[in-house]
Amino acid sequence: MTDEAIVLAGGLGTRLRSVVQDVPKPMAEVAGRPFLDFILYNLKKNNIKKVVFAVGHKHEVIQEYYRDKSKSFGIEIAYSIETELLGTGGAIFQAAQQTQNESFFILNGDTFFDVDLAALSEFAQERAADLAMALKVMPLSDRYGSVVCSPDGEIVSFKEKELGVKQDLLINGGVYHLKKKVVESSAMPKKFSFETDFLQRELSKFRAYGKSFDGTFIDIGIPEDYQYAQTLLKDAIQK
1 MTDEAIVLAG GLGTRLRSVV QDVPKPMAEV AGRPFLDFIL YNLKKNNIKK VVFAVGHKHE
61 VIQEYYRDKS KSFGIEIAYS IETELLGTGG AIFQAAQQTQ NESFFILNGD TFFDVDLAAL
121 SEFAQERAAD LAMALKVMPL SDRYGSVVCS PDGEIVSFKE KELGVKQDLL INGGVYHLKK
181 KVVESSAMPK KFSFETDFLQ RELSKFRAYG KSFDGTFIDI GIPEDYQYAQ TLLKDAIQK
């Protein structure tokens, strides 16, 4: 299993401004500590040895906070700094230049999803997948788009969210295992969306598979879920 991960930590947090100000969204305080702490702790639990933070907006806040914390987490921390907005895809492809292995994990810095990364990596190897995506069953929701997979897990298509239509969905959990050769051989522009321009529009050009996990999932992108995270993650980090 690869021991490297890229964490997208450059979010502007536009929808959270009513409750979080002056810090990047992944640094929003949850249960007394920055949200990113929960992601790092979970990566350490999954034996990740190096994390590349893809940062932009107020990146100094993240760098200052984690300046002396690499040893305490037991993880090497590196930074890929955007000097202009690159989109999620551009941010990932730039950060990938700091990885050394044949593959790496990708995580959203505003989402906590307790995924067994070894299981996701093993699944990717079994399917010879260029990209493996961690999926989450979201009951009776109209907030998310959904992922359509074949019986063996191959991703067939993506469906847009249907507001007002409450249904059980299989959603993209924002955790990926990606082969570096996909990045190196891609003709994507400098700025692009990983979710829309790459995953959806380029889907036929690489082997993409999805595996469902039932671990704790919370996306702090809206104030209601940010408040819910205060309780949900209160005991997620063992002292």
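Numbering-wise (UniProt numbering), the sequence shown opens with residue 1 and increments by one.
Beta carbons: idealized from backbone N, C-alpha and C, even for Gly.
Keep in mind that this is a model prediction, so the values were computed, not measured.
- As the crow flies, the alpha-carbon of Glu76 is around 12 Å from that of Ile6.
- Cβ contact annotation for Ala128 (same chain, cutoff 8 Å, sequence separation greater than five): Arg207, in chain order.
- By the 16-neighbour rule on beta-carbons within 10 angstroms, Gln97 is exposed.
- In this structure, DSSP gives Leu120 a helical state, which the three-state scheme calls helix.
- Put simply, the region 204-222 touches the region 112-123. At least three CB pairs are less than 8 Å apart.
- By the Cβ criterion, the region 130-145 is not in contact with the region 81-98, since fewer than three pairs of Cβ atoms, one from each stretch, lie closer than 8 Å.
- In the DSSP assignment, Ile81 is bridged to Val55.
- Counting of Cβ neighbours within 10 angstroms places Glu4 among the buried residues, the total reaching 16 or more.
- When rounded, the separation of the alpha-carbon atoms in Gly32 and Tyr228 is 14 Å.
- For Thr111, the enclosing beta strand (DSSP E) starts and ends at 111-113.
- Going by beta carbons, Asp197 and Gly164 fall outside the 7 Å limit.
- For Leu233, the closest alpha carbon among the candidates Lys69, Glu29, Val61, Asn101 is that of Glu29.
- At the C-beta level, Thr216 and Ser103 stay beyond 7 Å of one another.
- With fewer than 16 neighbouring CB atoms inside 10 Å of its own CB, Pro151 falls in the exposed class.
- For Phe217, the uninterrupted beta strand (DSSP E) segment begins and ends at 217-219.
- Counting along the chain, Asn108 sits inside the beta strand (DSSP E) bounded by residues 103-108.
- In this structure, the straight-line span from the alpha carbon of Phe93 to that of Ala236 is close to 30 Å.
- Pro24 counts as buried, since at least 16 other C-beta atoms from the protein chains shown sit within 10 angstroms of its C-beta.
- Taking all protein chains shown into account, Gly74 has fewer than 16 neighbouring C-beta atoms within 10 Å of its C-beta and is therefore exposed.
- In chain order, Phe158 place their CB closer than 6 Å to the CB of Gln200, counting only its own chain and leaving out the 5 sequence neighbours on each side.
- Around the CB of Lys50, 16 or more other CB atoms lie within 10 Å, so the residue is classed as buried.
- With fewer than 16 other CB atoms across the displayed protein chains lying within 10 angstroms of its CB, Leu140 is exposed.
- Ranked by Cα distance from Lys69, the options Gly11, Leu170, Leu36, Thr231 are led by Leu36.
- Counted as a single uninterrupted DSSP element, the beta strand (DSSP E) harbouring Phe158 occupies residues 155-159.
- In this structure, the alpha-carbon of Lys191 lies about 5 Å from that of Gly90.
- In the DSSP annotation of this structure, the continuous segment of the alpha helix (DSSP H) that includes Ala95 starts and ends at 87-95.
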